[in-house]
Each structure stands twice: as C-alpha cells, then as structure tokens.
Amino acid sequence: MQLNTLIIETRLRTAWSSIDLGIVLGRMFWLRGFFLYLVVAIPVYALTRLLDDSHSVLPYFILWWCKPLFERPILFFMSRELFSNKTSFSQTLGYFREWLFSGIGWILSVRRLSISRAMYAPITLLERPASRQYSQRAAVLGNKFSSESVWLTIVLFHVENFISISLLVVFVMFFPEQVDISLAWLNDLRVNNSYIDAVFLLVMAAIAPFYVAAGFMLYISRRVELEGWDIEICFRDWMADYKGRSTTELVSNDV
Amino acid sequence: MKLDTVALVETPEGTDLHADLAGLVPRTLAYAIDLLIRVGIMCALGFLMLFLGEVGMGLYLIVFFVLEWWYPVLFEVYRGGQTLGKKVFNIKVVNEDLTPVALGPSLTRNLLRGADIFPLFYATGCISILMTERFQRLGDLAAGTIVVYCETELYDRTTIEQVEAVTPVHTMSEDQQIAFINFALNKGRMSNDRQQEIAEIVRPRMPLNTSNASDYVRGVGKWLLGAR
Chain R
24 MQLNTLIIET
34 RLRTAWSSID
44 LGIVLGRMFW
54 LRGFFLYLVV
64 AIPVYALTRL
74 LDDSHSVLPY
84 FILWWCKPLF
94 ERPILFFMSR
104 ELFSNKTSFS
114 QTLGYFREWL
124 FSGIGWILSV
134 RRLSISRAMY
144 APITLLERPA
154 SRQYSQRAAV
164 LGNKFSSESV
174 WLTIVLFHVE
184 NFISISLLVV
194 FVMFFPEQVD
204 ISLAWLNDLR
214 VNNSYIDAVF
224 LLVMAAIAPF
234 YVAAGFMLYI
244 SRRVELEGWD
254 IEICFRDWMA
264 DYKGRSTTEL
274 VSNDV
Chain G
417 MKLDTVALVE
427 TPEGTDLHAD
437 LAGLVPRTLA
447 YAIDLLIRVG
457 IMCALGFLML
467 FLGEVGMGLY
477 LIVFFVLEWW
487 YPVLFEVYRG
497 GQTLGKKVFN
507 IKVVNEDLTP
517 VALGPSLTRN
527 LLRGADIFPL
537 FYATGCISIL
547 MTERFQRLGD
557 LAAGTIVVYC
567 ETELYDRTTI
577 EQVEAVTPVH
587 TMSEDQQIAF
597 INFALNKGRM
607 SNDRQQEIAE
617 IVRPRMPLNT
627 SNASDYVRGV
637 GKWLLGAR
C-alpha cells in the first residue's frame, strides 16, 4: 500500500467530515459510477419486467435488494483510483472477476440487512476475510462511526426517494392537461409500472456514487486513525527530504 | 492538489483562515431536527388555540409565519450562525470569507428556501448541495454563505498523562509537529506494533541512545503540547 499515492488529504476527521469527503469523491467520479451502476442494474431491471402487474411492488423491491451488487463496480474502481491507479469504465468491466463474485452471497443475504452496509462493504470486497474474522474486523472499525454510517444510509435513502418522487411530480405538472397520460400510479401506487421503476432506478444510480464513496471514506477514516496513515505519510516525507538533503551535502563536500 | 473538504480564505495580512465544510448528510439531519422542533411547537400551540376560536386561528397563523421565516434567521444572526439543529451537529452558517453571517445574507438564504424546496422535499437544494464545490444550496449561492463545522478537539488529552515528555533535538515544521502530537494523542488506538513501525521511520533523527522509538516520538509529542 503506497500511502503517498493517495488522492485524498489524510488527516484525522470526524465521521461527518469523512462522509462529506466521500461526497467530494463521489462527485469527482460521478459519471463513471453512474454508468457502471446501470450496467449491472439494467439486466436485473430487464428480468423484473418478466413479472406481471399483479406483483405490485415486487420489482422495485428486487431492485432495492440488489443495490449492494450494483454498487460493487463503483467501490472497486474507487478503491483503485484512491491510490492513483487509473481505472477506466471499460477496465473496471474487464476486471469483473475481481468485484462480481467475492462475498456476493454475503452482501445479498445477511449483510444486505445491515443499515450501515456502506461502511462495511469495503471489508467484504477489499479485505475478503473469513466470516469469523469479518465480524471482528467490523467490530473494530465500527467501534466509532457506526451510528453515523446508519444515518448516512437513512438520509441518502430518503434523498433518493424524494428526488424520484419530485421528478415524477414535475413530469405530471409540466404535462399538458389535454393529453391523457393515464398514470395509473397516481391512483394506485402499488401498480407495477416500468416507467416508474425506471425513474427510481436512474435516481438510485445517480445517488449511488455518493453513497458508496461516503461509506468508503468512513472506512478509510477509521483506518487512517487506527493505523496512523497521516503520521506515517508525514514522517516518510520528512525522512525522504532529510536523506535527500544529506546526500546533496555529501556530494557538495566531495566537490 | 489532494481532495479535501476545506474552505480556505487568504486574508490581506497573509494568514490563511480555514474551516471544514459541512455537506448534505449532517445538514439534512440538522434541518430535520429544526423541522421537528417547529412542528412540535405548532402542534402544541394548535391544541391551545382551539379554545380561542377565530382569534386563536389568527394568532396561530402569525406564529406559523414567524416560525417558518424568522426562526432560522434569528438564530443564525444572533446565535452565532446556529439554529438548534445546527448546534446539535456542531455546524454553523458563515459568509464565504468565514465571517459571521449578518441579517441580509441570512434573510436571502432563508427566503430562497422557496427555490430550494422545488418541487418537493428540497429536491433542488439537495442536488445543489451535492453538485457545488462548497456544498451550497441555491440560497447559499445567492447569499454568499457556506455551512462549516465549529472547531472541535478530536483527541482526548487525558490519555497521555502517564507519558514522560522528551525534549526534541531537531527542528520541525508545523506539519511535523502535528504528526508528533497526533502520534502522542493516538495512544491506545493504534496497535503497539504499528506504533513501533511508524516511530522507527524517524529513527535517523533521534538521539543515538534512544531505545524505544515510539516512547521517544510520544514524548516529543507531549513536549510539543507544552509539558516539560
């Protein structure tokens, strides 16, 4: 691990400030994250279309349940970009073996239920511990910041749904009255409607880069603190400087 | 330039002021607390006003107006930029140059909540906070305000009471001093092996007879904090 290649300023942060840093990271890689999310999500969306209208909210529920799976490629390329390893859209897809399979059963079952999953997802994907070690590791990292990671999920889940509903409302508001668009969902929100699910999915994909990055930064901040990354970086820079200077001094003395 | 969430202001005197910007998640939660307080007051008041008939209705609407439009403004101007919700999250509203916010900008940013709320649930404001560099909603952009964290102590200083201070034998830059101090205050969080590993990095700058590198670094940190 080359700490000097980190693209973030390493200093001790509060949980909230770590989440904010995640938002900055998410903004930086938003476009790539958005499309990678959709690449994984659209096949699942297509499968849910096979269900007929009697299934009410089931398609949405399936999409919602699979969120950790869709978020995987985002976390993967961000974990590389964090250390200045350029990983483009197509390269990320090319590395699919790295992010698609490991721990996939866990994140779609037991670990799906964790409200603070964003903070613990990097453990499953990047550290890949055995299940017993996982809970130890999660306990150590979650010793601090666990309640903030819960709030992160709650807030961004609400933001996501508020934006989705707003978009649908705006759509209806700006549609000419004369045209009958017969939006059945206005009368019955439980109706399975491809368009509505698509809007929700698009907004999920738009929020996901922020959510993944914020959780990842919570995880990184805990490691910065537990492993003293900020101190190590400063000390190494100092010694590199010091050694550099003493060699030049020696050379100049020789001359 | 490394990614950070800091707002930097260069003053004419040449000193840099900085503060950490507060983003969407803590701000949303602070807003939720303020909203709960306002709704709570309105519910309690609504119950009382039932007994006053039409006069009660009139009073109720006046209180609603004041709470909705003046509650944030008054708190921001006269309580150091903090509404009650912001106080819980230790954040405050300041001007972009980090000076306290006055009546004008505070009114602007709060009146423009009308724009941020469009079309529902502050969707526009949320998107704006996510997208702008300094986490500003439309009201902030118009008023030239930002929301930052109040300074906090990240460490508990009681952890180094047992440490013996060591006088350093080398000069250090400000960043290096902070690293030594953080090392000292970080006692008990990092594993012992890890502490040793990091402290060994600066071995070349220690006196030759230093036996335990991490004790030395921690001691210097304590010395820098003022202990002798």
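Protein chains in written order, with my numbering: chain R, 24 to 278; chain G, 417 to 644. Glycine included, C-beta positions come from ideal geometry on N, C-alpha and C.
{"query": "Simplified DSSP assignment, three categories, for G:ALA435", "result": "strand"}
{"query": "Member of R:ALA144, R:MET262, R:LYS266, R:ARG245 whose CA lies at the smallest distance from the CA of R:TYR234", "result": "R:ALA144"}
{"query": "7 Å Cβ shell around R:VAL278 - same chain, five flanking residues per side excluded", "result": "Any reading at R:VAL278 is ruled out, since the residue's pLDDT is 40, under 50, leaving its predicted position unreliable."}
{"query": "Alpha carbon of R:VAL192 to alpha carbon of R:LEU92, nearest angstrom", "result": "29 Å"}
{"query": "C-alpha gap between R:MET101 and R:ILE65, whole angstroms", "result": "21 Å"}
{"query": "G:MET606 classed as buried or exposed, judged by whether at least 16 other C-beta atoms fall within 10 angstroms", "result": "buried"}
{"query": "Contact list for R:CYS257 against chain G, beta-carbon separation under 7 Å", "result": "ASP591, GLN592, ALA595"}
{"query": "CB-CB length for G:THR524 against G:ALA559, believed under 8 Å", "result": "4 Å"}
{"query": "Close beta carbons around G:LEU557, own chain, < 8 Å, minus the five adjacent residues each side", "result": "SER544, THR548"}
{"query": "The stretch 245 to 263 of chain R in contact with the stretch 119 to 130 of chain R per 3-pair CB rule at 8 Å", "result": "no"}
{"query": "Cβ shell of R:LEU190 (< 8 Å), same chain only, five flanking positions each side left out", "result": "VAL222, VAL226"}
{"query": "Classification of R:GLU150 by the beta-carbon crowding that lies within 10 angstroms, buried from 16 upward", "result": "exposed"}
{"query": "G:GLY520 burial status per 10 Å Cβ neighbour count (16 or more: buried)", "result": "exposed"}
{"query": "Where the stretch 438 to 464 of chain G meets chain R: residues whose CB sits under 8 Å from a CB there", "result": "ALA438, GLY439, LEU440, VAL441, PRO442, THR444, LEU445"}
{"query": "Cross-strand partners of G:ASN511 (DSSP beta bridge)", "result": "G:THR561"}
{"query": "Contacts that G:LYS428 makes with chain R (C-beta to C-beta distance below 7 Å)", "result": "Before going on, a small fix: residue 428 of chain G reads as Pro here, not Lys. Going along chain R, no residue has its Cβ under 7 Å from G:PRO428, so there is no contact; the nearest lies around 26 Å."}
{"query": "Where R:VAL80 sits in the DSSP three-state scheme", "result": "coil"}
{"query": "Where R:MET24 falls: helix, strand or coil (DSSP)", "result": "coil"}
{"query": "Check whether G:ASN598 and R:LEU35 have beta carbons under 8 Å apart", "result": "yes"}
{"query": "Reference R:SER244, options R:MET51, R:PHE52, R:GLU32, closest by Cα", "result": "R:GLU32"}
{"query": "G:LEU424 (DSSP reduced to helix, strand or coil)", "result": "strand"}
{"query": "Cβ-based burial, R:VAL178 [other Cβ within 10 Å; buried from 16]", "result": "buried"}
{"query": "Spatial neighbours of R:VAL274 in its chain, beta-carbon cut-off 7 Å, leaving aside the 5 residues before and after", "result": "Summary for R:VAL274: the model assigns pLDDT 48, below 50, so the residue's position carries little reliability, and this model does not support an answer."}
{"query": "Euclidean distance between Cα positions of G:GLY642 and G:SER627", "result": "23 Å"}
{"query": "Chain-ordered chain G contacts of R:MET196 [CB-CB under 8 Å]", "result": "PRO535"}
{"query": "Interface flag, R:MET24 vs chain G, CB-CB below 8 Å", "result": "no"}
{"query": "Outcome for R:ALA141 when other beta-carbon atoms lying within 10 angstroms are tallied against a minimum of 16", "result": "buried"}
{"query": "Where G:LEU419 meets chain R, residues with beta-carbon distance less than 8 Å", "result": "ILE30, ILE31, GLU32, LEU44, VAL47, LEU48, MET51"}
{"query": "Bridge partner(s) assigned by DSSP for R:LEU224", "result": "Its beta-bridge partners do not exist; DSSP assigns none."}
{"query": "Option in G:TYR632, G:GLY456, G:ALA460, G:HIS434 with minimal Cα separation from G:VAL579", "result": "G:TYR632"}
{"query": "Three or more C-beta pairs below 8 Å linking the stretch 34 to 52 of chain R and the stretch 432 to 449 of chain G", "result": "yes"}
{"query": "Opposing strand residues paired with G:ILE457 [DSSP bridges]", "result": "Per DSSP, none; premise fails for G:ILE457."}
{"query": "Exposure label - R:GLN156; buried when at least 16 CB within 10 Å", "result": "exposed"}
{"query": "Proximal residues of chain G, C-beta to C-beta of R:ILE188 below 7 Å", "result": "LEU536"}
{"query": "Chain R contact for G:LEU641 (CB, 8 Å cutoff)", "result": "no"}
{"query": "DSSP three-state assignment for R:PRO232, whether helix, strand or coil", "result": "helix"}
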